[in-house]
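Novice: One structure, pasted below without further comment.
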Amino acid sequence: MTEKIATGVVHKVPADMRQALTSKKELLAKWNDLTPLARNEWICWVTIVKKKETRTEHIERLCTELLAGKRRPCCWPGCPHRNEKAKKWFRA
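Positions 6 to 97 (our numbering) are the ones given, in order, by the sequence shown.
Here it is, written out as C-alpha coordinates:
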(Lines of atoms letter the chains of each structure in order from A; the text may use other names.)
(Lines give C-alpha, C1' and ligand atoms only; values in the text may rest on other atoms or scores of the structure.)
Protein backbone atom coordinates (compact mmCIF):
# COMPACT_ATOMS: atom_id res chain seq x y z
CA MET A 6 0.00 0.00 0.00
CA THR A 7 1.53 3.34 -0.99
CA GLU A 8 -1.06 5.70 0.47
CA LYS A 9 0.13 8.75 2.36
CA ILE A 10 0.39 8.41 6.12
CA ALA A 11 0.03 11.53 8.27
CA THR A 12 2.57 12.38 10.99
CA GLY A 13 2.35 14.07 14.39
CA VAL A 14 3.40 17.60 15.30
CA VAL A 15 6.74 16.56 16.80
CA HIS A 16 7.16 12.91 15.84
CA LYS A 17 7.32 11.11 12.52
CA VAL A 18 5.74 7.68 12.12
CA PRO A 19 8.43 5.00 12.63
CA ALA A 20 8.73 2.10 10.19
CA ASP A 21 7.16 -0.55 12.46
CA MET A 22 4.10 1.65 13.12
CA ARG A 23 3.89 2.57 9.44
CA GLN A 24 3.82 -1.10 8.49
CA ALA A 25 1.01 -1.83 10.98
CA LEU A 26 -1.05 1.25 10.05
CA THR A 27 -0.86 0.56 6.33
CA SER A 28 -1.85 -3.09 6.73
CA LYS A 29 -5.59 -2.23 6.52
CA LYS A 30 -7.25 0.58 4.59
CA GLU A 31 -9.75 1.21 7.40
CA LEU A 32 -6.94 1.53 9.94
CA LEU A 33 -5.00 3.96 7.78
CA ALA A 34 -8.14 6.03 7.19
CA LYS A 35 -8.80 6.27 10.93
CA TRP A 36 -5.16 7.21 11.56
CA ASN A 37 -5.19 9.95 8.94
CA ASP A 38 -8.49 11.24 10.36
CA LEU A 39 -6.88 11.95 13.75
CA THR A 40 -5.66 15.43 14.59
CA PRO A 41 -1.89 15.99 14.37
CA LEU A 42 -1.78 16.27 18.19
CA ALA A 43 -3.60 12.96 18.63
CA ARG A 44 -1.25 11.24 16.15
CA ASN A 45 1.69 12.74 18.04
CA GLU A 46 0.40 11.28 21.33
CA TRP A 47 0.07 7.79 19.81
CA ILE A 48 3.54 7.94 18.23
CA CYS A 49 5.16 9.07 21.46
CA TRP A 50 3.21 6.49 23.49
CA VAL A 51 4.52 3.72 21.23
CA THR A 52 8.11 4.91 20.93
CA ILE A 53 8.89 5.98 24.50
CA VAL A 54 8.95 2.42 25.87
CA LYS A 55 12.29 0.64 26.30
CA LYS A 56 11.54 -3.02 25.53
CA LYS A 57 10.86 -4.27 22.03
CA GLU A 58 8.09 -6.54 23.38
CA THR A 59 6.31 -3.59 25.01
CA ARG A 60 6.58 -1.57 21.83
CA THR A 61 5.05 -4.44 19.86
CA GLU A 62 2.20 -4.62 22.39
CA HIS A 63 1.64 -0.88 22.09
CA ILE A 64 1.46 -1.07 18.30
CA GLU A 65 -1.06 -3.91 18.51
CA ARG A 66 -3.12 -1.98 21.04
CA LEU A 67 -2.94 1.16 18.88
CA CYS A 68 -4.41 -0.74 15.94
CA THR A 69 -7.13 -2.36 18.02
CA GLU A 70 -8.14 0.85 19.75
CA LEU A 71 -8.14 2.94 16.57
CA LEU A 72 -10.46 0.43 14.91
CA ALA A 73 -12.67 0.58 18.02
CA GLY A 74 -12.94 4.35 17.66
CA LYS A 75 -10.50 5.60 20.29
CA ARG A 76 -8.64 8.73 19.30
CA ARG A 77 -5.90 8.95 21.96
CA PRO A 78 -4.00 6.52 24.19
CA CYS A 79 -5.72 5.97 27.53
CA CYS A 80 -4.02 6.94 30.78
CA TRP A 81 -1.19 8.78 29.03
CA PRO A 82 0.04 12.04 30.61
CA GLY A 83 1.00 13.41 27.21
CA CYS A 84 4.06 13.74 25.05
CA PRO A 85 6.99 14.97 27.15
CA HIS A 86 8.66 16.20 23.95
CA ARG A 87 5.82 18.66 23.33
CA ASN A 88 4.15 19.25 26.70
CA GLU A 89 6.36 20.66 29.47
CA LYS A 90 3.92 19.53 32.20
CA ALA A 91 4.09 15.89 31.05
CA LYS A 92 7.87 15.73 31.61
CA LYS A 93 7.39 15.23 35.36
CA TRP A 94 6.01 11.73 34.67
CA PHE A 95 9.14 10.57 32.86
CA ARG A 96 12.69 10.09 34.07
CA ALA A 97 15.32 12.30 32.53
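Where is the CB? At the ideal position from N, CA and C, for every residue including glycine.
Output needed for Ile10: all residues of its chain with C-beta closer than 8 Å, excluding positions within five of it in sequence on either side, in chain order.
Specialist: Val18, Arg23, Leu26, Thr27, Leu33, Trp36 and Asn37
Novice: Does DSSP put Ala73 in a helix, a strand or coil?
Specialist: coil
Novice: Alpha helix (DSSP H) containing Pro41: first to last residue?
Specialist: Pro41 to Thr52
Novice: Tell me, to the nearest whole angstrom, how far the beta carbon of Ile64 is from that of His16; I am working on the premise that it is less than 8 Å.
Specialist: About 14 Å; that fails the 8 Å criterion.
Novice: Counting C-beta neighbours from all protein chains within 10 Å, is the total for Gly13 16 or more, i.e. buried, or is it exposed?
Specialist: buried
Novice: Name the residue from Ala43, Glu8 and Asp21 whose alpha carbon lies nearest to the alpha carbon of Gly74.
Specialist: Of Ala43, Glu8 and Asp21, the smallest CA-CA separation from Gly74 is found for Ala43.
Novice: Suppose you measure from the CA of Lys57 to the CA of Thr69; what does that come to, to the nearest Å?
Specialist: Using only the alpha carbons, I get a separation of about 19 Å.
Novice: By Cβ distance below 8 Å, which residues in the same chain neighbour Val51 in space, the five residues on each side in sequence not counted?
Specialist: Pro19, Met22, Arg60, His63, Ile64 and Leu67
Novice: Quick check on this structure: which residue in Arg77, Leu72 and Glu8 has the alpha carbon closest to the alpha carbon of Glu31?
Specialist: Checked all of Arg77, Leu72 and Glu8; the closest Cα to Glu31 is Leu72.
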